Structures are given as C-alpha cells and as structure tokens.
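Colleague: Quick note on numbering: our numbering labels position 54 of the sequence shown as 55, and the sequence is numbered without any gaps. Glycine included, C-beta positions come from ideal geometry on N, C-alpha and C. Just so you know, these numbers come straight off a predicted model, no measurement behind them.
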Amino acid sequence: MNLSIIYELRANSVKEEDIDILMEKVKNRLTEENIDIELVKMGYNKIFTVDYDEYDEYAFIDIEYISEKKQHNEKDD
2 MNLSIIYELR ANSVKEEDID ILMEKVKNRL TEENIDIELV KMGYNKIFTV
52 DYDEYDEYAF IDIEYISEKK QHNEKDD
C-alpha cells in the first residue's frame, strides 16, 4: 500500500472506509488518474490530477505579469 497516497487522501478528508474501498478498487491499476476516477465516482473531488479543460482562460494567474508589476513597484520605492 502506498503511504503517500493514503496520506493525501486523508489530508483531503476522504473517509477511512472510503480509502479502504478505493485502494481495493485500484490495487491492480494504481495510477493518479485511476484514483481520481474512483474518487469522483464516490462523490469526492479529484485530488491527484487536474483537468485543465474545466478551467476558463481567466482562472489562471499570469505569473509573468505579476512579476513585472512587482519589479515595477519595487523600483518606485
């Protein structure tokens, strides 16, 4: 049993009995994607994978813009 997976599941409030069921279901096909598929079937949110198609273009922070803005503000100080 992969302890890091168990830790993440517990940290994301997955019930102990659901963790046991989940690990039994994916034991022969243990991948992050398969775990998330089973989590969703059980009514939980995905934990290990991100579906970027679910986000709109404004959901992402423009890190380059923020960095440029911060540098600009530091020059003003």
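In this structure, does DSSP put M43 in helix, strand or coil?
Modeller: Counting from 1 along the sequence shown, the entry for residue 43 is found at position 42. In this structure, M43 counts as coil in the three-state DSSP scheme.
Colleague: Going straight from the alpha carbon of L4 to that of D52, what length do you get?
Modeller: Start at 1 with the first residue of the sequence shown, and residue 4 comes out as number 3. Start at 1 with the first residue of the sequence shown, and residue 52 comes out as number 51. Rounded to whole angstroms, L4 to D52 spans 25 angstroms at the Cα level.
Colleague: Which residues mark the beginning and the end of the alpha helix (DSSP H) in which R30 is found?
Modeller: On the sequence shown, residue 30 is found 29 positions in, with the first residue counted as 1. Here R30 belongs to no alpha helix (DSSP H), and DSSP marks it neither H nor E.
Colleague: Give me the Cα-Cα distance between F49 and N29, rounded to the nearest whole angstrom.
Modeller: Along the sequence shown, one-based indexing puts residue 49 at 48. Along the sequence shown, one-based indexing puts residue 29 at 28. Those two C-alpha atoms are separated by around 18 angstroms.
Colleague: Contact check, I36 vs L23 under 8 angstroms by CB: the rounded distance?
Modeller: Counted from its first residue, the sequence shown places residue 36 at position 35. Counted from its first residue, the sequence shown places residue 23 at position 22. Yes, they are in contact, since the Cβ atoms of I36 and L23 sit about 7 angstroms apart, within 8 angstroms.
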